[in-house]
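Following: one structure in C-alpha coordinates, then a few remarks.
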Amino acid sequence: MDKVDKYIDWLFNFIDTYQKKIKSLVEFLSNITVKLMSFHNSLIQFYIQVFSDFSKFARYTTYPIHWALILYDLWRMKPDKEKLPIFEVGAHYIYGKPGSGKSTMTYHAMMDYAYLTGKVSLTTAQMELPRINLSGASYYLHQRFKPSDLFIDGEQKYAIDTKKFNFIVYEEMLTQYNQRNNKESKYNNEFLPLIGALGTQRHQGIDLFYFISQLPKGDIQLMQLLNWYHEPKVKKGFDYKYWLETGKYRFVIKGWRIKSFKVTPKGSGEYELTNKRVWFYENTLQEEMRYFNPLNMKKDFENKPILKLEAKP
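This is the structure in C-alpha coordinates:
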(Lines of atoms letter the chains of each structure in order from A and count residues from 1; the text may use other names and numbers.)
(Lines give C-alpha, C1' and ligand atoms only; values in the text may rest on other atoms or scores of the structure.)
Protein backbone atom coordinates (compact mmCIF):
# COMPACT_ATOMS: atom_id res chain seq x y z
CA MET A 1 0.00 0.00 0.00
CA ASP A 2 2.91 2.35 0.73
CA LYS A 3 4.14 1.97 -2.83
CA VAL A 4 0.64 2.64 -4.15
CA ASP A 5 0.28 5.74 -1.96
CA LYS A 6 3.69 6.99 -3.02
CA TYR A 7 2.81 6.44 -6.68
CA ILE A 8 -0.47 8.32 -6.29
CA ASP A 9 1.31 11.19 -4.52
CA TRP A 10 3.95 11.28 -7.23
CA LEU A 11 1.28 11.17 -9.94
CA PHE A 12 -0.70 14.06 -8.45
CA ASN A 13 2.46 16.06 -7.87
CA PHE A 14 3.45 15.45 -11.50
CA ILE A 15 0.01 16.50 -12.74
CA ASP A 16 0.07 19.58 -10.54
CA THR A 17 3.55 20.51 -11.73
CA TYR A 18 2.57 19.87 -15.35
CA GLN A 19 -0.52 22.05 -14.99
CA LYS A 20 1.54 24.88 -13.49
CA LYS A 21 4.07 24.66 -16.30
CA ILE A 22 1.33 24.56 -18.94
CA LYS A 23 -0.39 27.51 -17.27
CA SER A 24 2.89 29.43 -17.16
CA LEU A 25 3.54 28.61 -20.80
CA VAL A 26 0.03 29.74 -21.81
CA GLU A 27 0.40 32.99 -19.86
CA PHE A 28 3.82 33.54 -21.42
CA LEU A 29 2.50 32.99 -24.93
CA SER A 30 -0.55 35.15 -24.19
CA ASN A 31 1.64 38.00 -22.98
CA ILE A 32 3.80 37.72 -26.07
CA THR A 33 0.71 37.71 -28.29
CA VAL A 34 -0.76 40.76 -26.55
CA LYS A 35 2.56 42.60 -26.77
CA LEU A 36 2.95 41.67 -30.42
CA MET A 37 -0.59 42.85 -31.16
CA SER A 38 0.03 46.06 -29.24
CA PHE A 39 3.28 46.61 -31.11
CA HIS A 40 1.60 45.81 -34.42
CA ASN A 41 -1.23 48.25 -33.67
CA SER A 42 1.24 50.96 -32.64
CA LEU A 43 3.21 50.33 -35.81
CA ILE A 44 0.08 50.62 -37.94
CA GLN A 45 -0.95 53.84 -36.17
CA PHE A 46 2.57 55.18 -36.67
CA TYR A 47 2.49 54.42 -40.38
CA ILE A 48 -1.00 55.90 -40.70
CA GLN A 49 0.11 59.11 -39.01
CA VAL A 50 3.29 59.31 -41.05
CA PHE A 51 1.39 58.60 -44.27
CA SER A 52 -1.29 61.14 -43.35
CA ASP A 53 1.29 63.81 -42.55
CA PHE A 54 3.31 62.95 -45.62
CA SER A 55 0.28 62.88 -47.93
CA LYS A 56 -0.84 66.28 -46.63
CA PHE A 57 2.71 67.59 -47.07
CA ALA A 58 2.79 66.07 -50.55
CA ARG A 59 -0.50 67.72 -51.52
CA TYR A 60 0.77 71.15 -50.52
CA THR A 61 4.24 70.80 -52.03
CA THR A 62 3.31 69.31 -55.39
CA TYR A 63 1.30 72.28 -56.66
CA PRO A 64 0.55 72.61 -59.55
CA ILE A 65 1.58 69.06 -60.52
CA HIS A 66 -1.09 67.48 -58.31
CA TRP A 67 -3.76 69.00 -60.59
CA ALA A 68 -2.94 66.27 -63.10
CA LEU A 69 -4.01 63.64 -60.55
CA ILE A 70 -7.11 65.65 -59.60
CA LEU A 71 -8.20 66.02 -63.21
CA TYR A 72 -7.57 62.35 -63.83
CA ASP A 73 -9.71 61.35 -60.83
CA LEU A 74 -12.48 63.72 -61.93
CA TRP A 75 -12.30 62.33 -65.46
CA ARG A 76 -12.53 58.81 -64.06
CA MET A 77 -15.60 59.77 -61.99
CA LYS A 78 -17.36 61.52 -64.88
CA PRO A 79 -18.61 58.51 -66.89
CA ASP A 80 -20.26 56.95 -63.84
CA LYS A 81 -22.24 60.10 -63.06
CA GLU A 82 -23.26 60.70 -66.66
CA LYS A 83 -24.72 57.19 -66.85
CA LEU A 84 -27.31 58.04 -64.21
CA PRO A 85 -30.79 58.66 -65.71
CA ILE A 86 -31.08 62.07 -64.01
CA PHE A 87 -27.95 63.32 -65.80
CA GLU A 88 -28.82 62.26 -69.32
CA VAL A 89 -28.88 65.40 -71.45
CA GLY A 90 -32.41 66.61 -72.05
CA ALA A 91 -35.57 67.55 -70.17
CA HIS A 92 -36.62 65.76 -66.97
CA TYR A 93 -39.91 65.78 -65.08
CA ILE A 94 -39.64 65.30 -61.28
CA TYR A 95 -42.96 64.24 -59.78
CA GLY A 96 -43.86 63.73 -56.13
CA LYS A 97 -46.20 64.72 -53.34
CA PRO A 98 -45.06 67.23 -50.67
CA GLY A 99 -42.25 65.73 -48.61
CA SER A 100 -41.37 63.06 -51.16
CA GLY A 101 -37.87 64.49 -51.63
CA LYS A 102 -38.14 65.85 -55.16
CA SER A 103 -36.57 69.22 -54.26
CA THR A 104 -33.79 67.77 -52.08
CA MET A 105 -32.95 65.28 -54.82
CA THR A 106 -32.87 68.10 -57.36
CA TYR A 107 -30.57 70.24 -55.22
CA HIS A 108 -28.19 67.30 -54.73
CA ALA A 109 -28.24 66.74 -58.50
CA MET A 110 -27.46 70.43 -59.06
CA MET A 111 -24.41 70.17 -56.78
CA ASP A 112 -23.36 66.83 -58.27
CA TYR A 113 -23.51 68.28 -61.77
CA ALA A 114 -21.66 71.42 -60.64
CA TYR A 115 -18.77 69.28 -59.38
CA LEU A 116 -18.92 67.24 -62.55
CA THR A 117 -18.94 70.10 -65.07
CA GLY A 118 -17.72 73.16 -63.19
CA LYS A 119 -20.95 75.01 -64.03
CA VAL A 120 -23.95 75.87 -61.87
CA SER A 121 -27.72 76.15 -62.21
CA LEU A 122 -30.43 78.71 -62.85
CA THR A 123 -33.53 78.14 -60.71
CA THR A 124 -36.96 79.75 -60.59
CA ALA A 125 -36.94 79.60 -56.76
CA GLN A 126 -34.20 80.35 -54.23
CA MET A 127 -33.26 76.72 -53.64
CA GLU A 128 -29.96 77.54 -51.93
CA LEU A 129 -29.18 79.16 -48.59
CA PRO A 130 -26.45 81.83 -48.62
CA ARG A 131 -22.82 80.82 -48.13
CA ILE A 132 -20.26 83.01 -46.37
CA ASN A 133 -16.86 83.76 -47.91
CA LEU A 134 -13.63 84.56 -46.04
CA SER A 135 -14.51 88.25 -46.01
CA GLY A 136 -17.81 87.56 -44.29
CA ALA A 137 -19.92 88.40 -47.35
CA SER A 138 -22.75 86.10 -48.40
CA TYR A 139 -22.95 84.58 -51.87
CA TYR A 140 -24.79 81.90 -53.85
CA LEU A 141 -23.47 79.29 -56.25
CA HIS A 142 -26.76 78.82 -58.08
CA GLN A 143 -28.70 81.86 -59.31
CA ARG A 144 -32.39 82.57 -59.31
CA PHE A 145 -34.04 83.86 -62.47
CA LYS A 146 -37.52 84.85 -63.60
CA PRO A 147 -38.75 83.15 -66.78
CA SER A 148 -40.62 86.38 -67.58
CA ASP A 149 -37.23 88.15 -67.85
CA LEU A 150 -36.01 85.59 -70.38
CA PHE A 151 -39.17 84.92 -72.36
CA ILE A 152 -40.94 88.09 -73.44
CA ASP A 153 -43.88 88.49 -75.84
CA GLY A 154 -43.59 84.90 -77.04
CA GLU A 155 -39.84 85.01 -77.73
CA GLN A 156 -36.62 84.13 -75.98
CA LYS A 157 -35.09 87.61 -75.80
CA TYR A 158 -31.73 86.70 -74.25
CA ALA A 159 -29.16 83.93 -74.48
CA ILE A 160 -28.17 81.90 -71.42
CA ASP A 161 -24.59 82.44 -70.27
CA THR A 162 -23.61 78.81 -70.76
CA LYS A 163 -20.03 79.49 -69.66
CA LYS A 164 -21.52 79.64 -66.16
CA PHE A 165 -24.88 77.87 -66.37
CA ASN A 166 -25.81 74.56 -68.02
CA PHE A 167 -28.69 73.42 -65.80
CA ILE A 168 -32.14 75.08 -65.56
CA VAL A 169 -34.59 74.13 -62.80
CA TYR A 170 -38.29 75.02 -62.70
CA GLU A 171 -39.41 74.62 -59.08
CA GLU A 172 -43.09 73.68 -58.73
CA MET A 173 -44.50 73.89 -62.23
CA LEU A 174 -48.00 74.13 -60.78
CA THR A 175 -47.28 77.74 -59.74
CA GLN A 176 -45.56 78.56 -63.04
CA TYR A 177 -47.80 77.16 -65.77
CA ASN A 178 -51.20 75.85 -64.76
CA GLN A 179 -52.78 74.13 -67.77
CA ARG A 180 -56.10 75.82 -67.00
CA ASN A 181 -54.48 79.07 -68.18
CA ASN A 182 -53.07 77.74 -71.48
CA LYS A 183 -55.36 79.96 -73.53
CA GLU A 184 -54.21 83.16 -71.88
CA SER A 185 -51.57 85.34 -73.53
CA LYS A 186 -49.47 85.63 -70.35
CA TYR A 187 -49.18 81.84 -70.20
CA ASN A 188 -48.31 81.42 -73.86
CA ASN A 189 -45.89 84.37 -73.93
CA GLU A 190 -43.63 82.38 -71.60
CA PHE A 191 -44.57 78.77 -72.28
CA LEU A 192 -44.25 78.75 -76.07
CA PRO A 193 -40.67 80.11 -76.14
CA LEU A 194 -39.84 77.65 -73.32
CA ILE A 195 -40.92 74.83 -75.64
CA GLY A 196 -38.71 76.37 -78.31
CA ALA A 197 -35.79 76.48 -75.84
CA LEU A 198 -36.26 72.77 -75.12
CA GLY A 199 -36.06 72.04 -78.82
CA THR A 200 -32.82 74.00 -79.16
CA GLN A 201 -31.17 73.32 -75.80
CA ARG A 202 -28.21 71.43 -77.29
CA HIS A 203 -27.57 74.33 -79.67
CA GLN A 204 -27.67 76.75 -76.75
CA GLY A 205 -25.28 74.66 -74.65
CA ILE A 206 -27.83 73.79 -71.96
CA ASP A 207 -27.47 70.21 -70.72
CA LEU A 208 -30.42 69.76 -68.37
CA PHE A 209 -33.91 71.10 -67.79
CA TYR A 210 -35.66 69.93 -64.60
CA PHE A 211 -39.39 70.49 -64.10
CA ILE A 212 -40.53 69.78 -60.53
CA SER A 213 -44.22 69.29 -59.89
CA GLN A 214 -46.80 67.91 -57.46
CA LEU A 215 -48.96 67.00 -60.45
CA PRO A 216 -48.22 63.72 -62.28
CA LYS A 217 -48.27 65.48 -65.65
CA GLY A 218 -48.12 68.93 -67.19
CA ASP A 219 -48.82 70.55 -70.54
CA ILE A 220 -48.82 67.85 -73.23
CA GLN A 221 -46.23 69.63 -75.39
CA LEU A 222 -43.84 69.69 -72.45
CA MET A 223 -44.50 66.04 -71.59
CA GLN A 224 -43.80 64.91 -75.16
CA LEU A 225 -40.44 66.70 -75.17
CA LEU A 226 -39.23 65.01 -71.98
CA ASN A 227 -36.35 62.60 -71.98
CA TRP A 228 -36.95 61.10 -68.51
CA TYR A 229 -39.71 61.07 -65.91
CA HIS A 230 -38.67 60.52 -62.27
CA GLU A 231 -40.51 59.75 -59.03
CA PRO A 232 -38.10 60.13 -56.07
CA LYS A 233 -38.71 59.00 -52.49
CA VAL A 234 -36.33 60.34 -49.85
CA LYS A 235 -34.67 57.83 -47.50
CA LYS A 236 -33.34 58.98 -44.13
CA GLY A 237 -31.15 57.13 -41.67
CA PHE A 238 -29.19 57.35 -38.43
CA ASP A 239 -25.96 59.35 -38.78
CA TYR A 240 -23.53 56.92 -37.13
CA LYS A 241 -20.41 58.93 -38.00
CA TYR A 242 -21.88 62.06 -36.39
CA TRP A 243 -22.72 60.05 -33.25
CA LEU A 244 -19.14 58.75 -33.05
CA GLU A 245 -17.81 62.30 -33.22
CA THR A 246 -20.32 64.09 -30.98
CA GLY A 247 -22.33 61.49 -29.05
CA LYS A 248 -25.48 63.18 -30.38
CA TYR A 249 -28.25 61.55 -32.37
CA ARG A 250 -29.42 62.86 -35.70
CA PHE A 251 -31.05 61.50 -38.81
CA VAL A 252 -29.94 62.61 -42.25
CA ILE A 253 -30.82 61.97 -45.87
CA LYS A 254 -29.07 58.81 -47.01
CA GLY A 255 -30.34 59.13 -50.55
CA TRP A 256 -33.40 58.78 -52.76
CA ARG A 257 -35.11 55.70 -54.15
CA ILE A 258 -36.09 56.75 -57.65
CA LYS A 259 -38.46 55.26 -60.21
CA SER A 260 -37.30 56.50 -63.61
CA PHE A 261 -39.11 56.11 -66.93
CA LYS A 262 -38.17 56.99 -70.48
CA VAL A 263 -40.78 59.19 -72.15
CA THR A 264 -41.92 58.04 -75.59
CA PRO A 265 -44.16 60.43 -77.59
CA LYS A 266 -47.20 58.89 -79.28
CA GLY A 267 -49.67 60.15 -81.81
CA SER A 268 -52.68 62.31 -81.04
CA GLY A 269 -50.87 64.35 -78.42
CA GLU A 270 -50.07 61.47 -76.10
CA TYR A 271 -46.97 59.93 -74.56
CA GLU A 272 -45.96 56.70 -72.86
CA LEU A 273 -43.69 55.95 -69.87
CA THR A 274 -41.41 53.03 -70.73
CA ASN A 275 -38.18 51.29 -69.66
CA LYS A 276 -38.89 51.58 -65.95
CA ARG A 277 -35.81 51.66 -63.74
CA VAL A 278 -35.82 51.56 -59.94
CA TRP A 279 -32.51 52.68 -58.47
CA PHE A 280 -30.93 54.39 -55.47
CA TYR A 281 -29.32 57.81 -55.73
CA GLU A 282 -26.92 58.09 -52.79
CA ASN A 283 -26.43 61.34 -50.89
CA THR A 284 -22.67 61.75 -51.29
CA LEU A 285 -22.65 65.50 -50.56
CA GLN A 286 -23.82 65.60 -46.95
CA GLU A 287 -22.04 68.88 -46.20
CA GLU A 288 -23.42 70.58 -49.31
CA MET A 289 -26.97 69.65 -48.32
CA ARG A 290 -26.64 72.09 -45.41
CA TYR A 291 -27.18 74.83 -47.98
CA PHE A 292 -30.45 73.45 -49.33
CA ASN A 293 -33.31 75.86 -48.70
CA PRO A 294 -36.35 73.76 -47.67
CA LEU A 295 -38.68 76.78 -47.86
CA ASN A 296 -37.43 78.08 -51.18
CA MET A 297 -40.71 79.79 -52.10
CA LYS A 298 -41.28 81.44 -48.71
CA LYS A 299 -40.02 84.87 -49.81
CA ASP A 300 -42.63 84.98 -52.56
CA PHE A 301 -45.30 85.16 -49.85
CA GLU A 302 -43.37 87.29 -47.35
CA ASN A 303 -43.54 90.20 -49.81
CA LYS A 304 -47.32 90.03 -50.02
CA PRO A 305 -49.49 92.19 -47.75
CA ILE A 306 -51.17 90.46 -44.81
CA LEU A 307 -54.84 89.64 -45.28
CA LYS A 308 -56.82 91.73 -42.83
CA LEU A 309 -60.12 90.30 -41.67
CA GLU A 310 -62.86 92.39 -40.21
CA ALA A 311 -64.08 91.23 -36.83
CA LYS A 312 -67.65 89.98 -36.97
CA PRO A 313 -70.09 91.58 -34.54
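Residue 299 in my numbering sits at position 305 of the sequence shown; the count goes up by one each step and never skips. Backbone N, C-alpha and C define an ideal beta-carbon position, used for all residues, glycine too.
{"query": "Selection from Y243, Y236 and Q173 that minimises the alpha carbon distance to L216", "result": "Q173"}
{"query": "Cα-Cα separation between D213 and I88, rounded to whole angstroms", "result": "14 Å"}
{"query": "Range covered by the beta strand (DSSP E) that runs through S115", "result": "V114 to T117"}
{"query": "Beta-carbon proximity list for E149, same chain, < 7 Å, skipping 5 on both sides", "result": "P187"}
{"query": "Backbone secondary structure at G148 - three-state DSSP", "result": "coil"}
{"query": "DSSP bridge partner residues for Y164 (one or two, in chain order)", "result": "F205"}
{"query": "Of the residues Y101, L220, G241 and L123, the one placed nearest S254, counting alpha carbons only", "result": "L220"}
{"query": "Beta-carbon contacts of T117 that lie in its chain and below 7 Å, excluding the five residues immediately before and after", "result": "H136, R138, V163 and E165"}
{"query": "For R284, three-class secondary structure by DSSP", "result": "helix"}
{"query": "Bounding residues of the alpha helix (DSSP H) (the contiguous stretch that carries G193)", "result": "S179 to G193"}
{"query": "Cα-Cα separation between P79 and Y101, rounded to whole angstroms", "result": "16 Å"}
{"query": "Cutoff 6 Å; reference Q218; Cβ partners in own chain excluding five residues on either side", "result": "P259 and Y265"}
{"query": "Contacts around A103, its chain only, beta-carbon distance under 6 Å, and the 5 residues preceding and following it disregarded", "result": "I80"}
{"query": "Sub-9 Å separation of F145 and N183 beta-carbons", "result": "yes"}
{"query": "Classification of V272 by the beta-carbon crowding that lies within 10 angstroms, buried from 16 upward", "result": "exposed"}
{"query": "Helix, strand or coil at E324 [DSSP, three-state]", "result": "Outside the displayed span of the chain (-5 to 307) sits residue 324, for which this structure offers no information."}
{"query": "8 Å contact criterion, which D201 and N160 should meet: CB distance rounded", "result": "5 Å"}
{"query": "Buried/exposed call for G249, threshold 16 Cβ in 10 Å", "result": "buried"}
{"query": "Whole-angstrom C-beta distance between Y134 and E122, which should lie under 8 Å", "result": "5 Å"}
{"query": "P226 classed as buried or exposed, judged by whether at least 16 other C-beta atoms fall within 10 angstroms", "result": "buried"}
{"query": "Beta-bridge pairing of I247 - partner residues as DSSP gives them", "result": "K230"}
{"query": "Contact check, M283 vs V246, beta carbons under 9 Å", "result": "yes"}
{"query": "Residues bridged to Q137 (per DSSP)", "result": "L116"}
{"query": "Beta bridge counterpart(s) of G310 as assigned by DSSP", "result": "Limits of the chain in this structure are -5 at one end and 307 at the other, which puts residue 310 out of reach."}
{"query": "From G199, L289 and L279, residue whose alpha carbon lies closest to that of I154", "result": "G199"}
{"query": "Residue span of the beta strand (DSSP E) that contains L267, given as start and end", "result": "E264 to E276"}
{"query": "Span of the alpha helix (DSSP H), counted from its first residue to its last, around Q215", "result": "I214 to Q218"}
{"query": "Which of helix, strand or coil DSSP assigns to Y223", "result": "strand"}
{"query": "Simplified DSSP assignment, three categories, for A305", "result": "coil"}
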